[in-house]
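Q:
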Amino acid sequence: MKPSRSPTSRGLPGKPCIVLLLMGIASIRFTSASVNRTAVLDSILNGYDNRIRPDGVVETAEGSHEPNEDLPLQIRVEVYIESVDSIKESTMDFSVTLYLRLFWQDTRLTFSGNRSLVLGSQGIDKIWVPDIYFLFEKNARVHTVTQPNKLMRVNPNGKVSFSARISLTVACNMQLHKFPMDAQTCSIIMASYAYPMADVVLHVDNHSIGMEPNITISKFTLTGMGVKQGTLIFSLGKFSSVSCYFYFMRQMESYFLTVYIPTVLLVSIAWLSFWIDANAAPARVALGITTVLTVTTMTAGIQETLPVVTYAKAIDIWLVVCLMFVFFALLEYGMANFLLVRQANAARNVPASTDAATKGGQTSEGGPQEPSQPKPSMTADRLDRYARWAYPIAFLIFGGCYWITFLAMD
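As numbered in mature numbering (1 follows the signal peptide of the UniProt record, and there is no 0), residues -33 to -1, 1 to 377 make up the sequence shown, in order.
1) Determine whether the beta carbon atoms of residue 69 and residue 128 lie at a separation below 9 angstroms.
2) Residues in its own chain within less than 7 angstroms of residue 115 by CB, not counting five upstream and five downstream?
3) Let me know the secondary structure DSSP gives residue 79 once reduced to three states.
4) For the stretch 297 to 314 against the stretch 346 to 355, are there 3 or more C-beta pairs whose distance is under 8 angstroms?
5) Cutting at 7 angstroms between CB atoms, please list the residues of its own chain near residue 282, excluding the five before and the five after it.
6) Looking at the strands, I want to know which residues DSSP matches up with residue 106.
7) Please report the residue range of the beta strand (DSSP E) in which residue 247 lies.
8) Taking the C-alpha atoms as reference points, what is the distance between residue 75 and residue 56?
9) Identify, in the order they occur along the chain, each residue of the same chain with its Cβ nearer than 6 angstroms to the Cβ of residue 103, setting aside the five sequence neighbours on each side.
10) Start and end of the alpha helix (DSSP H) containing residue 89?
11) Within 8 angstroms, do at least three Cβ pairs link the stretch 41 to 58 to the stretch 174 to 184?
12) Tell me which same chain residues have a C-beta within less than 7 angstroms of the C-beta of residue 234, skipping the five on either side of it?
13) Following the continuous alpha helix (DSSP H) through residue 237, name the residue where it begins and the one where it ends.
14) Leaving aside the five residues before and after residue 151 along the sequence, list all residues of the same chain whose C-beta is less than 7 angstroms from its C-beta, in chain order.
15) Could you check if residue 376 is buried or exposed, using at least 16 other CB atoms within 10 Å of its CB as the buried criterion?
16) Which class does residue 181 belong to by DSSP, given the choice of helix, strand or coil?
17) For residue 4 and residue 123, I'd like the C-alpha separation in whole angstroms.
18) Taking only the alpha-carbon atoms, compute the straight-line gap between residue 96 and residue 162 and give it to the nearest angstrom.
19) Pick from 63, 90, 10 and 365: whose alpha carbon is nearest that of residue 106?
20) Determine the direct distance from the alpha carbon of residue 261 to that of residue 324, and round the result to whole angstroms.
21) Pick helix, strand or coil for residue 150, following the three-state DSSP scheme.
22) Would you call residue 117 buried or exposed, if buried means 16 or more other Cβ atoms sit within 10 Å of its Cβ?
23) In this structure, how does DSSP classify residue 188 when only helix, strand and coil are distinguished?
24) Within 10 Å of its beta-carbon, does residue 1 have 16 or more other beta-carbons around it, so buried, or fewer, so exposed?
25) So, at 6 angstroms on beta carbons, what are the nonlocal neighbours of residue 280 in its own chain, with the 5 sequence-adjacent residues on each side left out?
26) Which of the three DSSP states, helix, strand or coil, is assigned to residue 376?
27) Excluding the 5 residues preceding and the 5 following residue 266 in the sequence, name in chain order all residues of the same chain whose CB lies nearer than 6 angstroms to its CB.
28) Among the candidates 367, 166, 120 and 61, whose CA atom is the shortest distance from the CA of residue 186?
29) On a CA-only basis, which of 284, 308, 313 and 43 is nearest residue 369? Give me that one, please.
30) To the nearest whole angstrom, what separates the beta carbons of residue 254 and residue 236, a pair I think is in contact under 8 angstroms?
31) Between residue -6 and residue 119, what straight-line distance do the alpha-carbon atoms span, to the nearest angstrom?
32) Kindly confirm or deny that the stretch 245 to 259 and the stretch 198 to 215 touch, where touching means at least three C-beta pairs closer than 8 angstroms.
33) Tell me the residue span of the beta strand (DSSP E) that contains residue 95.
34) Tell me the DSSP secondary structure of residue 125 in three-state form.
35) Please return the same chain residues whose Cβ sits closer than 6 angstroms to the Cβ of residue 168, not counting the five positions on each side in sequence.
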């Protein structure tokens, strides 16, 4: 008996054949699409000169865009902040990592189709790109891991979008009069380096700036940001510019813990010396010298982290006055010790005068009496009692005036 023939054996294609057929069709379509994109790119770049800027465009009544070489090229700028790396008072600058995005129309790049062309770092060099630079930039770089972080997208209607991931350090002119209760405004200013406003105009809108949520900034809190257009006037002409502003408020918690509270404690320790007997010279001298040296060292350490400016900062005033208070405590002991010595000399002189009068044959009852030594109006104990009250009251008055003045200052 002959075995029955399966459908496959009757000449119908099996599953492996179907899979191979589908893979062949897909590869043909993919190759065709790749060839088409390559052909489109070759066609738009044929005769394209990336040394010449695109012409300005005029929108017609039909909604199309016609080139006009007499009009400046309009470039929309967007900035997205990925991170704020540091804000340094010592060098007066701040560092950020951002995505710079530029949008413009290049009618020379129009093509037929419904899909945009995406170009990596290798193809971007063949297209004209705006020569944007950052004013007051100290250091900048485009990230290159694993490839240069650049992207260009060309739409069929000739609209071009460009994006680059950049880290840069920009100067920030800080006003430190209220430091550490200050707020700073730092800006990133962008402009075209070679093309004046007659050739290129940069513009922004309300959505031109963004930031990664939940960014943590060392020592500062970001309270706001914004963008605006402007004009830079140089000897070579007027250039369009775009400015991104960032408003930072300094966090004071660390300064309370490392400066204000320690100095208040040191001033309080110096105040305790008034409660120690003036005869205990080693204790009072050691306490006074220790507080003076500690405040001096703290002041020197803080000054190393700040720029040298020609005006007094709020923290400078605080530290200097605290140093004056602890120095006054040491100076008060010097005055108290002087009063102790004067009291001791007065006590030694009284018995000596009495003995001399007795040897001269004069008694305290019948003869003329020696004039008694006047008691001093100020003693070491009385000076300490006055200082115990005057010292804290004066410091509290200074503290109140200090905080009211600088917190209310604009």
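Glycine included, every Cβ here is placed at the ideal spot set by N, Cα and C.
A: Working from what's here:
1) yes
2) 88 and 109
3) coil
4) yes
5) 146, 147, 226 and 269
6) 136
7) No beta strand (DSSP E) holds residue 247; DSSP gives it neither H nor E.
8) 48 angstroms
9) 137 and 138
10) 88 to 91
11) yes
12) 289, 292, 293 and 362
13) 228 to 239
14) 139, 141 and 215
15) exposed
16) coil
17) 12 angstroms
18) 12 angstroms
19) 63
20) The pLDDT assigned to residue 324 is 49, lower than 50, so where the model puts this residue is not dependable; a value taken from the coordinates is nonetheless given after this. Looking at the two C-alpha atoms, the distance is approximately 55 angstroms.
21) strand
22) buried
23) strand
24) Summary for residue 1: the model assigns pLDDT 49, below 50, so the residue's position carries little reliability, and this model does not support an answer.
25) 143 and 146
26) coil
27) 286
28) 61
29) 284
30) 7 angstroms
31) Bear in mind that the predicted position of residue -6 carries a pLDDT of just 42, short of 50, making it unreliable; the figure below should be weighed with that in mind. So the two alpha carbons sit approximately 27 angstroms from each other.
32) no
33) Per DSSP, residue 95 belongs to no beta strand (DSSP E) and is neither H nor E.
34) coil
35) 39, 41 and 207
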